[in-house]
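I have placed the structure first, in the form of structure tokens, so that the comments after it can refer back to it.
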Amino acid sequence: MRILIAQCTQEISSFNPLESEYADFSITHGEQLLEQRGLNSHLGGALTVFEPRNDVELLWTISARAPSTGPLSSKGWAQLREEILGSILPHVGKVDAIYFALHGAMGAVDEPDPEGSLLEAIRQAFGDLPIIISLDLHGILTDKMLRQIDGVTIYQTYPHVDFADTGARAARLLLDIVDRKLKPVIARVTVPLLARGDECITKTGWYGDVLREGQLMERKGQVLAAGVMIGNPFTDAPELCTQAIVVAESDADFAQQAATHLANRMWAGRQRLVGKLIDVEPAVELAKGMPGTVLFTDAADATSSGASGDSNVLIKALRDGGYKGRVLAQIIDAPAAAAAHQAGVGKTISVTLGGTVDAARFSPMPVNAMVESLSRGRAKIETMGMWMDGGLTAVLTYDNFTIVVLSKPAFLMDRAFYYANGLDPVDFDLVVVKSPHTEFHMYDLWVTKNFNVDAPGSTSANVASLGHTLCARPIYPIEPDTNFVPKPVLYRRAG
Ligand SMILES: [Zn+2]
Numbered sequence: 068m069r070i071l072i073a074q075c076t077q078e079i080s081s082f083n084p085l086e087s088e089y090a091d092f093s094i095t096h097g098e099q100l101l102e103q104r105g106l107n108s109h110l111g112g113a114l115t116v117f118e119p120r121n122d123v124e125l126l127w128t129i130s131a132r133a134p135s136t137g138p139l140s141s142k143g144w145a146q147l148r149e150e151i152l153g154s155i156l157p158h159v160g161k162v163d164a165i166y167f168a169l170h171g172a173m174g175a176v177d178e179p180d181p182e183g184s185l186l187e188a189i190r191q192a193f194g195d196l197p198i199i200i201s202l203d204l205h206g207i208l209t210d211k212m213l214r215q216i217d218g219v220t221i222y223q224t225y226p227h228v229d230f231a232d233t234g235a236r237a238a239r240l241l242l243d244i245v246d247r248k249l250k251p252v253i254a255r256v257t258v259p260l261l262a263r264g265d266e267c268i269t270k271t272g273w274y275g276d277v278l279r280e281g282q283l284m285e286r287k288g289q290v291l292a293a294g295v296m297i298g299n300p301f302t303d304a305p306e307l308c309t310q311a312i313v314v315a316e317s318d319a320d321f322a323q324q325a326a327t328h329l330a331n332r333m334w335a336g337r338q339r340l341v342g343k344l345i346d347v348e349p350a351v352e353l354a355k356g357m358p359g360t361v362l363f364t365d366a367a368d369a370t371s372s373g374a375s376g377d378s379n380v381l382i383k384a385l386r387d388g389g390y391k392g393r394v395l396a397q398i399i400d401a402p403a404a405a406a407a408h409q410a411g412v413g414k415t416i417s418v419t420l421g422g423t424v425d426a427a428r429f430s431p432m433p434v435n436a437m438v439e440s441l442s443r444g445r446a447k448i449e450t451m452g453m454w455m456d457g458g459l460t461a462v463l464t465y466d467n468f469t470i471v472v473l474s475k476p477a478f479l480m481d482r483a484f485y486y487a488n489g490l491d492p493v494d495f496d497l498v499v500v501k502s503p504h505t506e507f508h509m510y511d512l513w514v515t516k517n518f519n520v521d522a523p524g525s526t527s528a529n530v531a532s533l534g535h536t537l538c539a540r541p542i543y544p545i546e547p548d549t550n551f552v553p554k555p556v557l558y559r560r561a562g
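For reference, each letter of the sequence shown is one residue, going 68 to 562 in my numbering.
Below, the structure is given as structure tokens:
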């Protein structure tokens, strides 16, 4: 059995003015993909299932992965699409099945559904063979994608820790389909809901309880796979929504009932699945009197969700509000990082921080800062063990502030870039994290209080503030009186 393996992952924010480009993608070919062996990644997990099988031969094609920013430029998408299809299509007629690891929240300037476009081209070329995909629960699984695939596995954790597990489940599903010559049915129920907030945390929140119902269906052998995707609220696309997806061997009625049940459960929790935010000024005032370390969660500028990372709103508010504790924060500001590298360690520089990318939301803040340290800006993300590149990086200090200044929007959803620059959050009174959530042990376990601050930004949990133009309306909570009537749609591939 020959299985073709490919990967293409990116998550964008349509509200980030900085377009992403072909050059943002790390692209590897052929057996280079094996470098993911042992990693907590889709392909790392799939390998643990495929490799022990003596009757399976793996055909490695291409992996294209990019950090999250704004939509992919028209030119960038054309080049990426050509390269991906150029790597996959020559194998038509030579493979028995395809595993394509995706994210699901890509978006190009002139293509709202890049994953659907790739899958459609692959299906047209390869004809009737099993195609399995794996997705982030923040992906947008579209009608076009569903028409091309035989099965899908979806993350079951948020904050995400099950990258490899999702890949392993996809690999098992693929082998099951090939071994038993299955023609699965997929039921989909879309829910007009953009979910945010703490109830999305799967260990403790409403969303996790719904996902566990899907896992129970899998364990009981009632379905091949069941999941709920909440979509990335910042990827404005026509089919952006929450959706329940059930893959079953053949029982279409059960699949539709199961998907309807999961969708209804999400809808029942909609009032809890809204981000609870505190305004910036009261958060600063409250932080002043608190012992221990206080966390400011800046979900609106989450680079891992596609934001620009150049928001200075919180460090400005802390300064203007007279906060005197030791503050640790991060910001993307390439000119400031370059100026620090030019000046050198120990020098004082006059620069501005912030507002270099999303100038409509943030205005540059002048500071006289000491260059504490300089680095290339590489850090190993704590969960995935994957290296991220923040570009030229500097640690700047002024007054009571210590700021890690990166040049590129690397993921900031853990402590990696603090540690990599010799800084430990426990040594500070207030830490800013540009991510909606972190794994519990990273901060919530030990901080005095975690404030989810309502700052502006292209990935704000205040979703009504973003200005969606493409996603189907009405949608909750942008339109609070939205109605929901479940309408299951069944996908059964001909052939
Ligand atoms: Zn995600």
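By construction, the Cβ of each residue, glycine as well, lies at the ideal position given by its N, Cα and C atoms.
All figures in this text were calculated on a predicted structure; none of them were measured in a lab.
Cβ shell of residue i (< 7 Å), same chain only, five flanking positions each side left out
| i | result |
| --- | --- |
| LEU213 | ILE253, ARG255, TYR558 |
| THR464 | ALA436, MET437, GLU439 |
| VAL123 | MET68, ILE70, PHE117 |
| GLY111 | GLN103, ARG104, GLY105, ALA231, GLY234 |
| ASN107 | PHE230, ALA231, THR450, MET451, GLY452 |
| ALA330 | VAL256, VAL258, ALA311, PRO553 |
| GLY422 | ASP377, ASN379, PHE429, SER430, PRO431 |
| ALA326 | ALA254, ARG255, VAL256, ALA311, ILE312, VAL313, PRO555 |
Check: residue i C-beta below 6 Å from any heavy atom of ligand 1
| i | result |
| --- | --- |
| ASP203 | yes |
Residue i classed as buried or exposed, judged by whether at least 16 other C-beta atoms fall within 10 angstroms
| i | result |
| --- | --- |
| GLN409 | exposed |
| HIS504 | buried |
| SER430 | exposed |
| ALA539 | exposed |
| PHE507 | exposed |
| GLN99 | exposed |
| PRO305 | exposed |
| SER417 | exposed |
| GLU266 | buried |
| GLN338 | exposed |
Span of the alpha helix (DSSP H) around residue i
| i | result |
| --- | --- |
| LEU202 | Where LEU202 is concerned, there is no enclosing alpha helix (DSSP H), although the beta strand (DSSP E) it sits in stretches over 198-202. |
| TRP273 | 273-286 |
| GLY234 | 230-246 |
| ASN331 | 319-335 |
| ILE155 | 141-155 |
| ASP210 | 210-215 |
Own chain, CB closer than 6 Å to residue i, minus 5 neighbours either side, in chain order
| i | result |
| --- | --- |
| SER154 | THR128, ILE129 |
| LYS475 | GLY457, GLY458 |
| THR95 | SER130 |
| LEU537 | ASP303, ALA304, PRO305 |
| ALA73 | THR128, ILE129, ILE155, PHE167 |
| GLY411 | none |
| GLN223 | ASP229, LEU278 |
Enclosing beta strand (DSSP E) for residue i [first to last residue]
| i | result |
| --- | --- |
| ALA315 | 309-315 |
| LYS475 | Unbroken run through LYS475: none, as it is neither H nor E. |
| PHE193 | Not the beta strand (DSSP E): PHE193 falls in the alpha helix (DSSP H), residues 181-193. |
| LEU452 | First, the residue type needs correcting, since residue 452 is Gly and not Leu in the sequence shown. That residue, GLY452, is in no beta strand (DSSP E); it is neither H nor E in DSSP. |
| HIS96 | 93-96 |
| LYS516 | 516-519 |
| GLN74 | 69-76 |
Proximity of residue i and residue j at Cβ, strictly below 7 Å
| i | j | result |
| --- | --- | --- |
| VAL472 | SER440 | no |
| VAL176 | SER140 | yes |
| GLY234 | ALA405 | no |
| LEU85 | TYR166 | no |
| PHE478 | PHE363 | no |
| ASP303 | HIS535 | yes |
| LEU208 | GLY171 | yes |
| GLY388 | VAL351 | yes |
| ILE198 | ASP217 | yes |
| ALA528 | ARG263 | yes |
| ILE189 | CYS75 | no |
| PHE17 | GLY376 | Absent from the model: residue 17. The displayed extent of the chain is 68 to 562, so no value can be given. |
| LEU278 | THR271 | no |
| PHE551 | TRP334 | yes |
| PHE82 | LEU533 | yes |
| ALA293 | MET284 | yes |
| HIS109 | ALA145 | no |
| LEU125 | VAL162 | no |
| ARG445 | TRP454 | yes |
Sequence-distant residues of its chain with Cβ nearer than 8 Å to residue i (five each side left out)
| i | result |
| --- | --- |
| VAL347 | VAL380, LEU381, ALA384, VAL520, ASP521, ALA522 |
| LYS554 | VAL256, THR257 |
CB contact check: residue i to chain B, cutoff 7 Å
| i | result |
| --- | --- |
| PRO503 | No chain B appears in this structure, which consists of one protein chain only. |
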